[in-house]
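Undergrad: With numbering that gives the first Met the number 0, letter number 34 in the sequence shown gets 33, and the count goes up by one each step, no holes.
Structure in structure tokens, see below.
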Amino acid sequence: MLFLILPSIILIVYTFFSNRGKKFINELNHKYLTKLHVVRVGVEVVLFWLFIKRVVPESMTFEGRNFDIISGITAPFVAYFGYTKKQLARKWVVLWNL
């Protein structure tokens with residue numbers, strides 16, 4: 000388990016504290032990153048199908064306690080009204096992302 004988690008932690012720390020990593024993060028397009036949350040809808044549907052087949056527990060689905068599907072469904076609206084139309088204040092987009 001340590002060999003799976005430790006490299007990820009090292010990479011994340013390097014990205015946030017190195018000049019090259021900070022430059023990379025600052026150049027990311029927030030609108031596209033917000034739209035990327037739509038992937039969660041498909042993941043939740045697959046998890047629900049796996050739950051029906053009794054492969055994963057109910058707690059991993061929106062029937063249980065996993066509500067990732069909500070952020071996936073609302074992502075296009077937040078991207079549109081937050082970045083394209085600029086009708087959502089930045090604080091609301093950040094709050095949605097949390």
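For each residue, glycine too, the CB sits at the ideal point set by N, CA and C.
Return the first residue and the last residue of the alpha helix (DSSP H) that A78 is part of.
TA: Reading the sequence shown from its first residue, position 79 is the one you call residue 78. Per DSSP, A78 is one residue of the alpha helix (DSSP H) stretching across 67–78.
Undergrad: Using only the alpha-carbon positions, how far apart do A88 and G81 sit?
TA: By 1-based counting over the sequence shown, the position of residue 88 is 89. By 1-based counting over the sequence shown, the position of residue 81 is 82. When the Cα atoms are used, A88 and G81 turn out to be separated by approximately 7 Å.
Undergrad: Whose C-alpha, out of P56, T83, V55, is nearest the C-alpha of N28?
TA: Counted from its first residue, the sequence shown places residue 28 at position 29. Comparing Cα-Cα distances from N28 to each of P56, T83, V55, the minimum goes to T83.
Undergrad: Given a threshold of 16 other Cβ atoms within 10 Å of its Cβ, counted over all protein chains shown, does G71 qualify as buried or as exposed?
TA: Position 72 of the sequence shown, counted from the start, is the residue given in the question as residue 71. By the 10 Å Cβ count, G71 comes out buried.
Undergrad: In angstroms, rounded to a whole number, what distance separates the CA positions of R19 and P75?
TA: In the sequence shown, counting from the first residue as 1, residue 19 sits at position 20. In the sequence shown, counting from the first residue as 1, residue 75 sits at position 76. About 30 Å.
Undergrad: Taking one C-beta from the stretch 60–67 and one from the stretch 35–44 each time, how about it: are there three or more such pairs within less than 8 Å?
TA: yes
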